[in-house]
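Below is one structure, written out as structure tokens, with a few remarks after it.
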Amino acid sequence: MKRTGAQIVFECLLREGVRHIFGYPGGANLPLYDTFKDYPQIQHILVRHEQSAAHAADAYARVTGDAGVCFATSGPGATNLVTGIATAWMDSVPIVCVTGAVVTSLIGRDGFQEADITGITLPVTKHNYLVTDVHDIARVMKEAFHIARTGRPGPVLVDIPRDTQQMTADFHYPETVHLRGYRVPGHPDPAEVKRAAKLIEEAERPLILAGHGVILSKAYDELLELAEKCDIPVITTLLGISGFPGTHPLFQGMPGMHGMYWNNMAISESDLLLGLGMRFDDRVTGRLKDFAPNAKIVHADVDPAEMGKNVRPTVALLGDLKATLQDLNREVGGKRHPDWKAWLARTRAEHPSITIPETDKLLPQFVLKQLYEATKGQAYVVTGVGQHQMWAAQYYWYDRPNSFVTSGGLGTMGFEVPAALGVQVARPKDVVWSVAGDGGFQMTMQELATLVEYELPVKFALLNNGYLGMVKQWQQLFYNDNRSAVKMFNPDFVKLAEAFGMVGLRVTDKTQVAPAIEQAMRHPGPVLVEFVVDEDENCYPMVPPGAALQETIDQPAMAPARRREEAVSRS
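When you line the sequence shown up against the numbering used here, it's residues 1 to 571, in that order.
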């Protein structure tokens, strides 16, 4: 049976299990939007900006473990996707972006709303296509989803001219994919697995550094088995948070620029570092030449390009991380490390790092701790980028697998609102809290209208300090406190929420925090809670830019008794 190109796209989406699309219509993708009426199985979420469509699809993909999908028109519609595509690229998230292009006769002629989106996105997509023959659409769509989902996941863009969407062809969906040169790693080399197991058996001060790959490969049980079997403390990267239970005795928190002091010192003292599904980026390593100076490195990852890119491994385990850990767990024994764990415990007691200062001021750390207590760690937490992101990583403990959603590699401000939208669409029955900063929130706050329209009950904890907080912190510490262009003139956020048709609350005192959170959670719809926090509070610990982990700036001095008490309660 013949179908239009637009209908073929939808038939492919159905066969790939797609049930939600985030998008925005325009002239070049109107045939696609005209086809929605024939496919009620797929719900379209009309965002207010194409960047939000990409971020929502990204977050949807993160929590479902499947590809998210977004639509945009040609020209500015397509280019508005680029920040979201780059965000997904840096964080290895599978999304498929379908864009409309100008009609084929105008390609390369600077037609109205033309942009070479395949050329623009070449550096930030796993692959992309310009499809000018309607007969190629089914094959390309099959390949796009296969590429996005397999190996190291990532974004794929499919650009289809408007006239190609309107042409007709017989529809045949391929059952298999044949891509010359594209290989998906499975199990690692058995000899390398044995070498890694031997290093684990010989180590006296081993550490696990677990990244986003644990979550992407759903290797939660395998990581837990390795850590418990070998008695190895576990550190997680920012994107690895919620890949290992946050209240487990072996869990140590996050390392790096705003990681725990004890973790940065432990990496520097370790004799074996197991990097699992992570890429040794600069925010984790600090000054590379001084990173883990005493440690042999076992690096397990699905992407061969990451092996030796930043840190040269002693053993490289190339393969799917879940399969790799299964193989490794069969090889290792059960050596204990009581002296090493005692050293870590002493370091944590001396430098607790996440102590909340005793003050009458409303501190953001206090808000995050209260949010954790109210949700019992079972909410999905979505953040933007900045100080609030680091506090959410430090003070909210994630026992629920894959419950922390944030922009890591690209560090995209504005992620917090549309990403929370995507998470709530994917998990309609779960509690979703977006922890936002007043700066990033205003970049994409128009999506509050989308939340209200689709009755999505996202709760916002908006930490308003009146500044671009992380930039201000750098200016204070490294630029002689020259606060250039960081003071925010903010709207009345409560009235803003009400203008969008949702509940707005303002909190200015510590005693109001818990009641406001409870009130927000009782309300069946979206709620914005503005926490007017201390504008002078900075985020610690901190590794200065260009410094080594050993040069971590710890929390400002606290009373020793209080520090010990906090460390014991956290342990």
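Positions of the beta carbon are idealized from the N, C-alpha and C atoms, including for glycine. This one's a predicted model, so the numbers in the text were calculated from it and none came from an experiment.
- Straight-line spacing of the CA atoms in Val417 and Phe22 works out to 14 angstroms.
- If you look at Val452, you'll find it in the alpha helix (DSSP H) that goes 448-453.
- Burial check for Thr347: the Cβ neighbour count within 10 Å reaches 16 or more, so the residue is buried.
- Between the alpha carbons of Val471 and Gln389 lies a distance of about 13 angstroms.
- If you look at Pro76, you'll find it isn't in any beta strand (DSSP E); it sits in the alpha helix (DSSP H) that goes 76-79.
- Taken in chain order, the unbroken stretches of beta strand (DSSP E) that lie wholly in the stretch 337-400 and span 3 residues or more are 380-383.
- Contact between Pro161 and Ala101 is confirmed by a C-beta separation of about 4 angstroms, below the 8 angstroms threshold.
- Asn29 is the residue among Ser92, Pro313, Asn29, Gly68 whose C-alpha sits nearest the C-alpha of Ala78.
- The shortest CA-to-CA distance from Gly319 to any of Ile107, Val405, Ala305 is the one to Ala305.
- In the structure shown, Pro515 adopts helical secondary structure according to DSSP, grouped into three states.
- Here Tyr398 is buried: its Cβ has 16 or more other Cβ atoms, across all protein chains shown, within 10 Å.
- In the three-state scheme derived from DSSP, where H, G and I count as helix and E and B as strand, Thr83 is classed as helix.
- As far as DSSP is concerned, Lys495 takes part in no beta bridge.
- In the structure shown, the three-state DSSP call for Gln51 is helix.
- Taken through DSSP and simplified to helix, strand or coil, Leu505 comes out as strand.
- C-alpha of Met502 to C-alpha of Val532: approximately 19 angstroms in a straight line.
- Between the alpha carbons of Pro245 and Tyr60 lies a gap of roughly 22 angstroms.
- With fewer than 16 other beta carbons inside 10 angstroms of its own, Gln41 counts as exposed.
- Ser105 sits in a helix when the DSSP states are folded into three classes.
- Between the alpha carbons of Asp231 and Arg522 lies a gap of roughly 41 angstroms.
- Per DSSP, the unbroken beta strand (DSSP E) holding Ser434 starts and ends at 432-437.
- According to the DSSP secondary-structure assignment, Thr4 is paired through a beta bridge with Thr168.
- Comparing C-alpha distances from Ser484 to each of Gly469, Glu331, Ala295 shows the shortest one belongs to Gly469.
- The residues Val63, Tyr380, in chain order, have a CB closer than 8 angstroms to that of Arg427 in the same chain once the five nearest residues on each side in sequence are set aside.
- With contacts defined as CB atoms closer than 7 angstroms, Gly386 and Gly437 qualify as a contacting pair.
- Rounded to whole angstroms, Ala227 and Arg195 show a C-alpha spacing of 18 angstroms.
- For the options Gly414, Glu202, Trp262, Lys198, the alpha carbon positioned closest to that of Gln51 is the one of Gly414.
- In this structure, Ala72 keeps its C-beta atom at 7 angstroms or more from the C-beta atom of Val124.
- Rounded to whole angstroms, the Cβ separation of Thr150 and Val184 is 5 angstroms, and the two are in contact under 8 angstroms.
- In this structure, DSSP gives Ile117 a helical state, which the three-state scheme calls helix.
- For Asp281, there is no enclosing alpha helix (DSSP H), since its DSSP letter is neither H nor E.
- Here the C-alpha atom of Val131 lies approximately 7 angstroms from the C-alpha atom of Ile137.
- Closest by C-alpha distance to Met254, out of Gln394, Pro364, Pro545, Phe460, is Gln394.
- For the 7 angstroms CB-CB criterion, Ala548 and Val529 do not form a contact.
- Excluding five sequence positions before and after Leu448, the CB atoms of its chain that fall closer than 6 angstroms to its own CB belong to Phe500, given in chain order.
- The alpha carbon of Gly333 has as its nearest neighbour, out of Lys309, Arg139, Ala197, Pro401, the alpha carbon of Ala197.
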